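The structure under discussion appears below in the form of structure tokens.
Residue numbers (the numbering used here): 44 to 253.
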């Protein structure tokens, strides 16, 4: 895509999503998309924005990427619009987005994927927490104790619900396979890499049109 600057065509951005990646994510991967960006350290500068998924073995699976002149809400918005069309994800129903909520991305997701679950990457949370100064909220630690009790009360409620569910499953045994999502099956993992893109070692090995 190009834009006009001072009467001249200037590079703005380009988008890549291979057909094999697109089909495989839709048919084999979990409804999870990780979004991130980085600087391009070359003479033309710019930014690389990427979208990755998770396969049945919990490994990263490439979906699409774009090269842009700068990372902002407009470039993220354009990227997400292209993903919506290629992946047929609509407004994000039953979709989870993982990111470090970088500049412009939060607004773009709110505009384009209103029904998705947008969560922050755990690694980004840990890194930001490590950079914060360590201090005690009070001399005797009362605030810390109250927070700890609240966290335990919430956790114990989840444990209680899980225990009841486990007991019910024990009393009423059923085939556990029924409760396993399809994208965890080994045959789905095999299908994930059936249509991979083969490397081509030179122009002479490229397919020629007859």
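Quick reminder that beta carbons are idealized off the backbone N, C-alpha and C, glycines included.
Computed from a prediction, not measured in an experiment: that's the story for all the values here.
Around the beta-carbon of residue 88, fewer than 16 other beta-carbon atoms lie within 10 Å, marking it exposed. Each residue's CA atom was taken as its position, placing residue 70 and residue 85 some 36 Å apart.
Non-local C-beta neighbours of residue 130 in its own chain, meaning closer than 7 Å and more than five positions away in sequence, comprise 65, 68 and 69, ordered along the chain.
Taking all protein chains in view, the Cβ of residue 107 is crowded by 16 or more other Cβ atoms within 10 Å, so the residue is classified as buried. Counting along the chain, the unbroken beta strand (DSSP E) around residue 56 starts and ends at 56-59.
A residue is called buried when at least 16 other Cβ atoms come within 10 angstroms of its Cβ; residue 104 meets this threshold and is buried. Per DSSP, residue 153 is one residue of the alpha helix (DSSP H) stretching across 148-155.
Taking C-beta atoms as the reference points, residue 111 and residue 90 count as a pair closer than 9 Å. The alpha carbon of residue 98 has as its nearest neighbour, out of 163, 231, 237 and 238, the alpha carbon of 231. DSSP places residue 128 inside the alpha helix (DSSP H), whose first and last residues are 116-130. Put simply, of 100, 128 and 154 the residue whose alpha carbon is nearest the alpha carbon of residue 225 is 100.
Just measuring C-alpha positions, the residue of 63, 126, 133 and 75 sitting nearest residue 92 is 126. Non-local C-beta neighbours of residue 113 in its own chain, meaning closer than 8 Å and more than five positions away in sequence, comprise 89 and 90, ordered along the chain. Unbroken beta strand (DSSP E) runs of no fewer than 3 residues, entirely contained in the region 72-122, are found at 75-82, 90-97 and 103-111, following chain order. Measuring C-alpha to C-alpha distances from residue 58 to each of 223, 159, 102 and 120 identifies 120 as the nearest. Annotated three-state conformation of residue 225 is helix, per DSSP.
Judged by beta-carbon spacing, residue 148 lies within the 9 Å limit of residue 80, meaning their Cβ atoms are closer than that value.
Going by beta carbons, residue 132 and residue 156 fall inside the 9 Å limit. Just measuring C-alpha positions, the residue of 72, 96 and 54 sitting nearest residue 233 is 72.
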